[in-house]
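Each protein sequence line maps, in turn, to chains S and Z. Each residue of the first sequence is one higher than the last, beginning at 7 in our numbering. Each residue of the second sequence is one higher than the last, beginning at 534 in our numbering.
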Amino acid sequence: QQQVKQSPQSLIVQKGGISIINCAYENTAFDYFPWYQQFPGKGPALLIAIRPDVSEKKEGRFTISFNKSAKQFSLHIMDSQPGDSATYFCAASHGYGQNFVFGPGTRLSVLP
Amino acid sequence: NAGVMQNPRHLVRRRGQEARLRCSPVKGHSHVYWYRQLPEEGLKFMVYLQKENIIDESGMPKERFSAEFPKEGPSILRIQQVVRGDSAAYFCASSPSTGNNEQFFGPGTRLTVL
């Protein structure tokens with residue numbers, strides 16, 4: 007029940023295209039869903055996060071779509087750029103101060 | 534404003550030695566989390582600490598691993614008698630005592646056990 011599933015494992019997108027990464031969870035107690043971006047040799051950096059009381063959140067080129075009934079959420083990267091090439095992790099937690107459960111990651115490559 | 538700092542960035546140990554990893558949280562943050570990342574895998578929670586207290590150590594192996602976050606100084610993750618399977622990147626994250634759930638990650642310590 008603590009698992010967060012993530013797909014695809016890897017993704018190749020042309021410059022200017024839309025990158026879509028999907029995550030699913032089982033634990034209905036989860037109430038905070040962040041996305042992290044990680045470049046090789048670096049720590050994860052928070053991109054955007056959402057709570058289940060909204061269905062969508064947009065920040066610049068990054069959008070989270072959240073489907074509470076399906077227990078799924080996704081990250082959309084519009085106008086993908088080569089600089090977006092990184093590994094993306096979704097995560098979930100329940101309650102303030104609790105640890106994150108991370109998905110296994112998606113390696114995104116944006117071709118120039 | 535300094536973010537989460539971790540040192541050393543790279544650590545090489547021989548089997549049986551001790552590894553000591555340090556983490557200084559964002560100034561003013563009182564919650565510290567340690568995660569482990571194996572190559573090509575996601576991050577796995579190890580332990581959650583507040584000042585002088587271990588709140589949740591459910592993800593930490595019962596033997597050889599210990600963590601502390603003293604009143605003064607950095608948080609320390611200590612691995613005794615390291616084995617090759619301990620080779621991984623260890624990340625520390627911190628969050629404030631109030632507000633939202635955001636966790637800010639450090640650059641990690643990459644441990645290699647020979």
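Where is the CB? At the ideal position from N, CA and C, for every residue including glycine.
Per-residue burial, residue i [other beta carbons within 10 Å of its own, 16 or more giving buried]
i              : result
P50 (chain S)  : buried
S628 (chain Z) : buried
S16 (chain S)  : exposed
R542 (chain Z) : exposed
G101 (chain S) : exposed
Where residue i meets chain Z, residues with beta-carbon distance less than 7 Å
i              : result
F68 (chain S)  : By Cβ distance, chain Z contributes nothing, its closest Cβ being about 16 Å from F68 (chain S), past 7 Å.
P110 (chain S) : E574 and G575
Contacts of residue i in chain S (Cβ-Cβ under 7 Å)
i              : result
G639 (chain Z) : G49
Q636 (chain Z) : F106
D589 (chain Z) : N105
DSSP state of residue i mapped onto helix, strand, coil
i              : result
P88 (chain S)  : helix
D619 (chain Z) : helix
T79 (chain S)  : Note that residue 79 (chain S) is Phe in the sequence shown here, rather than Thr. Correct three-state label for F79 (chain S): strand.
R113 (chain S) : strand
E65 (chain S)  : strand
N540 (chain Z) : strand
L571 (chain Z) : coil
V559 (chain Z) : coil
V60 (chain S)  : coil
E610 (chain Z) : Residue 610 (chain Z) is actually Leu in this sequence, not Glu. Strand at L610 (chain Z).
S628 (chain Z) : strand
T645 (chain Z) : strand
D37 (chain S)  : coil
Interface residues of chain A facing residue i [CB-CB closer than 8 Å]
i              : result
S628 (chain Z) : Chain labels in this structure do not include chain A; the protein chains are S and Z.
C-beta neighbour in chain Z for residue i, strict 8 Å
i             : result
G81 (chain S) : Residue identity differs from the one stated: residue 81 (chain S) is Leu in this sequence, not Gly. No, L81 (chain S) does not count as interfacial toward chain Z.
S99 (chain S) : yes
Cβ separation of residue i and residue j, assumed to be a contact under 8 Å, to the nearest whole Å
i              : j              : result
V616 (chain Z) : R547 (chain Z) : About 11 Å; that fails the 8 Å criterion.
G109 (chain S) : K11 (chain S)  : 7 Å
V565 (chain Z) : F602 (chain Z) : 5 Å
N105 (chain S) : D589 (chain Z) : 7 Å
Where residue i meets chain Z, residues with beta-carbon distance less than 9 Å
i             : result
L2 (chain S)  : Residue coverage of chain S in this structure runs from 7 to 118, which leaves residue 2 (chain S) outside it and unanswerable.
F95 (chain S) : G575 and L576
Minimum Cβ-Cβ distance from residue i to chain S less than 8 Å
i              : result
E574 (chain Z) : yes
Y623 (chain Z) : no
F598 (chain Z) : no
F602 (chain Z) : no
Contact list for residue i against chain S, beta-carbon separation under 9 Å
i              : result
H564 (chain Z) : G103
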